[in-house]
Amino acid sequence: MSIKKIQYTNTIYRTFVALDFETTGLKPDKDKIIEIAAIKFIDNNIVDKFHSLVNPQIEIPEFITSINGITNEMVKNKPTIDLLIPKLLNFIGDLPIVAHNAGFDGKFLKYAVYNLYGKDIITNLFIDTVKIAKQIYPYLPNHKLETIKNHYKLNLISHRALDDTIVAANIYIDYCNMMKNNSCIK
């Protein structure tokens with residue numbers, strides 16, 4: 001298996017995709033994606049969304065359901081990952097991907113792509129909002145999405161892909177606004 005390392009950047013982008021997955025566990029080589037959310041931004045504005053529950057074709061462990069509320073019943077009639085990955089890749093294109101703990105989501109994306117196509121074709125740059133949150137919110141007790149969501153006073157559901165994607169995007173947008181005088185804006 002040849003999955004390339006995730007390439008990270010700290011560059012400020014006008015156009016990007018925020019991404020989040022909910023999964024059956026922590027291991028991308030064994031666990032499965034059960035929810036996908038991707039939101040496309042241009043100049044800090046949402047221009048498009050991609051969201052779906054995913055049938056993992058395995059049972060969702062009870063402890064995972066206790067975290068994100070996604071049940072086996074909710075996903076049983078949803079599309080499988082092999083049907084969603086081509087649509088997701090088309091949605092993302094070559095845009096940079098913003099994610100909270102980008103290594104986690106990036107590895108799940110790369111494994112899903114590899115399992116479908118037999119090779120790792122993901123060349124997108126990743127922006128990790130955990131690193132950014134530590135930089136711009138050093139006063140917070142931790143840098144979990146739920147803590148940052150509460151800091152923003154957002155009425156969102158933690159551990160659901162679409163809402164977590166919105167929080168990650170807000171972190172990146174705050175960072176971009178702080179860095180606006182930077183010459184590396186693309």
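Take the sequence shown: its letter number 50 is residue 50 in UniProt numbering, and every next letter is one higher.
For each residue, glycine too, the CB sits at the ideal point set by N, CA and C.
Note that the coordinates shown come from a computational prediction; the quantities given were computed from them, not determined experimentally.
Check whether residue i and residue j have beta carbons under 8 Å apart
i    : j    : result
A102 : F63  : no
A168 : V98  : yes
F106 : I6   : Residue identity check: residue 106 is Gly in the sequence provided, not Phe. In this structure, I6 lies closer than 8 Å to G106 by Cβ.
Y137 : H151 : yes
L88  : F50  : yes
P96  : T165 : no
I148 : A161 : no
D120 : I3   : yes
Assigned exposure category for residue i - 16 Cβ within 10 Å defines buried
i           : result
P56         : buried
L84         : buried
E35         : buried
L26         : exposed
Y13         : buried
residue 191 : Outside the displayed span of the chain (1 to 186) sits residue 191, for which this structure offers no information.
C184        : Caution applies to C184, whose pLDDT of 49 falls short of 50 and renders its modelled position unreliable; the model cannot decide the point.
T15         : exposed
D43         : exposed
S66         : exposed
N124        : buried
P28         : buried
I92         : buried
D20         : buried
I60         : buried
Simplified DSSP assignment, three categories, for residue i
i           : result
S66         : helix
Y8          : strand
residue 197 : Any question about residue 197 goes unanswered here, given that the chain covers just 1 to 186.
V54         : coil
I157        : coil
E22         : strand
S183        : For S183, the predicted model reports a pLDDT of 45, less than 50, meaning its position is unreliable; a value from the coordinates is still stated below. DSSP places S183 in coil when its eight states are reduced to three.
K149        : helix
I39         : strand
I3          : coil
Nearest-angstrom Cβ-Cβ length linking residue i and residue j, presumed shorter than 8 Å
i   : j    : result
K32 : T23  : 6 Å
T71 : H100 : About 24 Å; that fails the 8 Å criterion.
(message) I'd like the ranges of any beta strand (DSSP E) spanning at least 3 consecutive residues and lying wholly in the region 64-131.
(response) 97-99, 125-128
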